Each structure stands twice: as structure tokens, then as C-alpha cells.
Amino acid sequence: MKVYIWDMDETLILLKSLINGTYAEAFKGAKDVQKGIEIGKTWENYILQVCDDYFFYEQIENSNKPFLDSLIQYDDGQDLADYDFGEDGFGALSDDINKRKLAYRHRAIADKYKKGLRNVLDEEMLKELDSLYSMTDSYTDRWFSSDNNDR
């Protein structure tokens, strides 16, 4: 088993500095500002797309539960293979029924984490993300891969 420890603060700072152009500006003309902004916005779009398409972001963003097991007591273990998350009427957490529906989403998210993104995303998106990773790594003088020799 591999455990990756990643400094999320640094990653978010890099992403924000790409999006607002301050990363490139710090290089005083040595970096193409527009290219950096484009890379940052592309990451932002992919992150939102993955969160929405695979992790129910739009549905659960206002639920404010601190971790995936926070509603485990509401999960009855129903098989989710054919469960239609888009048509189950999930809404505010005002009753046990919606808490159970959120627990289902949390379990589905946890299952996707266990599988890993390479086993969840389609081949086309993986190629696009790999390409974006390489482009970003090149643009940032290997910031992503600087301490990533084991992947």
C-alpha cells in the first residue's frame, strides 16, 4: 500500500496563482501569463467536473458533514449498483430519509476513493488529465513531479 502525503495548501496556492496570473508574474516576463491562466482555469474546470460528475458535489455541497462516515448509522447497506442518485429526490437533511440518501452518496464516494481515480474516470478524461498534468509540470518547472519519484 502506498500512502501519498501531499501539501494541499501548496497545491491550492499554486492553482490560485496560475488562475490569477501571479505565478507567471513572479518570473518577471520569463513565463507566459496567459498560458498559466489557461492552465489554471483548465484545472479548475476539470476539478469541478470530476467533483460534480463523480462525487455529487452539487447535490451535497450544503450538507456540511465533516467526513464520509458521519452518517453511517443511516446507511442500511442497500446495493447501490442500480441506484439512481439523480432521481431519488435527495434534498435537505431535515429527515432520516434524506440522511440515508446522503449516506448512500458518502458510501458511493468512499467506494470510488478505494478504487482510485484511474479506475473511476473514463480513458479519455484520464488522457486529458495526464496531458494537463504534464503541461502544468513543464510550465511550473516540475513542481508536481519534484518529489514524486515513486508514482
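In this text, residue positions in the sequence shown follow UniProt numbering: the first is 1, and each later residue adds one. Beta carbons are placed, not taken as given, at the ideal position from N, Cα and C, and that holds for glycine. As the structure is a prediction and not an experimental result, all values here were calculated from the model.
For residue i, the first and last residue of its enclosing alpha helix (DSSP H)
{"i": "G40", "result": "33–55"}
{"i": "D111", "result": "96–115"}
{"i": "A24", "result": "22–25"}
{"i": "T136", "result": "123–139"}
Through-space distance from residue j to residue i, alpha-carbon basis
{"i": "D76", "j": "Y139", "result": "48 Å"}
{"i": "V120", "j": "D88", "result": "22 Å"}
{"i": "L18", "j": "L12", "result": "10 Å"}
{"i": "D79", "j": "L68", "result": "18 Å"}
{"i": "T22", "j": "A30", "result": "13 Å"}
{"i": "M1", "j": "R118", "result": "In this predicted model, M1 has a pLDDT of only 48, less than 50, meaning its place in the structure is not dependable; the value taken from the coordinates is given anyway. One C-alpha to the other measures close to 16 Å."}
{"i": "E10", "j": "E38", "result": "19 Å"}
{"i": "I97", "j": "Y83", "result": "15 Å"}
{"i": "Y113", "j": "S145", "result": "22 Å"}
Status (buried if at least 16 other CB within 10 Å, exposed otherwise) for residue i
{"i": "K115", "result": "exposed"}
{"i": "W133", "result": "Here residue 133 is Tyr; the residue named in the question, Trp, does not match the sequence. So Y133 ends up on the exposed side."}
{"i": "R142", "result": "exposed"}
{"i": "F85", "result": "exposed"}
Proximity to residue i [Cα-Cα], best of the options
{"i": "A110", "options": "F55, S134, E87", "result": "F55"}
{"i": "D137", "options": "Y83, N20, G40, L117", "result": "G40"}
{"i": "D95", "options": "G29, I37, S63, D122", "result": "S63"}
{"i": "A108", "options": "D130, I97, E123, A81", "result": "A81"}
{"i": "P66", "options": "D122, K127, H106", "result": "H106"}
{"i": "E124", "options": "E38, E10, Y46", "result": "Y46"}
Under 7 Å between C-beta atoms of residue i and residue j
{"i": "D52", "j": "E58", "result": "yes"}
{"i": "A26", "j": "V33", "result": "no"}
{"i": "Y74", "j": "K35", "result": "no"}
{"i": "A92", "j": "L71", "result": "no"}
{"i": "L15", "j": "W43", "result": "yes"}
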